[in-house]
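All remarks here apply to the structure that follows.
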Amino acid sequence: MNHYETVFILNPVLSDEQIKETVKKYEEFLVSKGAEMVSKENWGLKKLAYAIQHKKSGFYHLFEFKAPGEAIEPLELAFRRDERMMRYLTVKLDKHAAAWAEKRRKRIQEKA
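Residue 111 is where the sequence shown ends in numbering that gives the first Met the number 0, and the numbering goes up by one at each step.
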């Protein structure tokens, strides 16, 4: 099981209900592929540095999870096929990045 982080940007014209539904869909997709969710973060509506699909903002979400390597390709294929998805990036975390992510999660929990 490798440690991964995926950040994705959803279309800003979606309703709150559609956003929750989309996030839940991909979370369930990962779990069905044998992934263990470590953390989920909703970063909210953010202004983009440049327009994507003629949109100037998007809803950012972050998934941190442990999964077998075979789970990433089907996830990204599903992202490419979904019209609600504007951009995504999945990175494999090494031990240093995983430790930094753990510190970030603790900092966020302390603030809440």
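Glycine included, each C-beta is placed from N, C-alpha and C at the ideal position.
Look at the Cβ atom of residue i, then the Cβ atom of residue j, and state whether they are nearer than 9 Å.
i          : j          : result
residue 26 : residue 62 : yes
residue 34 : residue 54 : no
residue 96 : residue 4  : yes
residue 45 : residue 38 : no
Counting along the chain, where does the beta strand (DSSP E) carrying residue i start and finish?
i          : result
residue 56 : 54-66
residue 50 : 35-51
residue 4  : 1-9
In chain order, what residues of the same chain have a beta carbon less than 7 Å from the beta carbon of residue i, not counting five sequence neighbours either side?
i          : result
residue 84 : 7, 9, 78
residue 28 : 74, 77
According to DSSP, residue i sits in a beta bridge with which residue or residues?
i          : result
residue 29 : Per DSSP, none; premise fails for residue 29.
residue 88 : 6
Return the chain-ordered list of same chain residues with a C-beta closer than 8 Å to the C-beta of residue i, the five sequence neighbours on each side being excluded.
i          : result
residue 70 : 29, 32, 33, 34
residue 13 : 21, 58, 83
Hey, could you find the ends of the alpha helix (DSSP H) residue i is sitting in?
i           : result
residue 76  : 71-80
residue 104 : 94-110
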